[in-house]
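Report on one structure; see the data block that follows.
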Amino acid sequence: MVKEVRKEEAKKFMIKAEEFYGSALENYQKRSYNVSIFNSSQAIILANDSFCILKLGKRASKDHREAIQLHVQASFGKESKKEIITEALEKRSEFGYTERQGTEKEANLLLIRAKRFLDWVKKTIE
Numbered sequence: 002m003v004k005e006v007r008k009e010e011a012k013k014f015m016i017k018a019e020e021f022y023g024s025a026l027e028n029y030q031k032r033s034y035n036v037s038i039f040n041s042s043q044a045i046i047l048a049n050d051s052f053c054i055l056k057l058g059k060r061a062s063k064d065h066r067e068a069i070q071l072h073v074q075a076s077f078g079k080e081s082k083k084e085i086i087t088e089a090l091e092k093r094s095e096f097g098y099t100e101r102q103g104t105e106k107e108a109n110l111l112l113i114r115a116k117r118f119l120d121w122v123k124k125t126i127e
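Read in order, the letters of the sequence shown are residues 2 to 127 in the numbering used here.
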């Protein structure tokens, strides 16, 4: 169920997103690829929450479909990054809750995508 959130709270979600991104980068450098992938995914999810809160005053609950739908709504028909949201949600589950082991290449790719997404959100919400 979608949650109503005061728009002033968006900044707090972006701060968390940046913290998770920083942790993802540190863990990538330590070759802890599963943690890096999980934290990159979490950074994307939190940045998306920030984006949706600022644009709509709403954020998704634990239902992954809501996060994607809200992102599209918050984009107001303009550029949408729903593919990266979808990928982040899938990777978070895959590497956080299964036996699957992440590779350096996978961690690096998601780290790059997370950085680009966070930068896009910051640019979009300013």
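In this text, a Cβ means the ideal position worked out from N, Cα and C, and glycines have one as well.
All values derive from a computational prediction rather than experimental measurement.
Nearest Cα to residue 20 within the set 100, 40, 123: 40. Per DSSP, the continuous alpha helix (DSSP H) segment holding residue 120 begins and ends at 105-126. An exposed status is given to residue 23, since fewer than 16 other beta-carbon atoms sit within 10 Å of its beta-carbon.
A direct Cα-to-Cα measurement between residue 102 and residue 48 gives close to 25 Å. DSSP, reduced to helix, strand and coil, places residue 63 outside both helices and strands of the structure shown, so it counts as coil.
If you draw a straight line from the Cα of residue 54 to the Cα of residue 117, it comes to about 19 Å.
Annotated three-state conformation of residue 31 is coil, per DSSP. Inclusion of residue 56 and residue 30 in the CB contact set at 9 Å is not warranted, their separation being larger than that value. Taking C-beta atoms under 8 Å as the contact rule, residue 3 and residue 51 fail to qualify, at a distance of about 15 Å. Looking at the DSSP output, residue 4 shares a beta bridge with 60. Scanning 109, 58, 16, 66 for the CA closest to the CA of residue 44 turns up 16. For residue 91, the enclosing alpha helix (DSSP H) begins and ends at 83-98.
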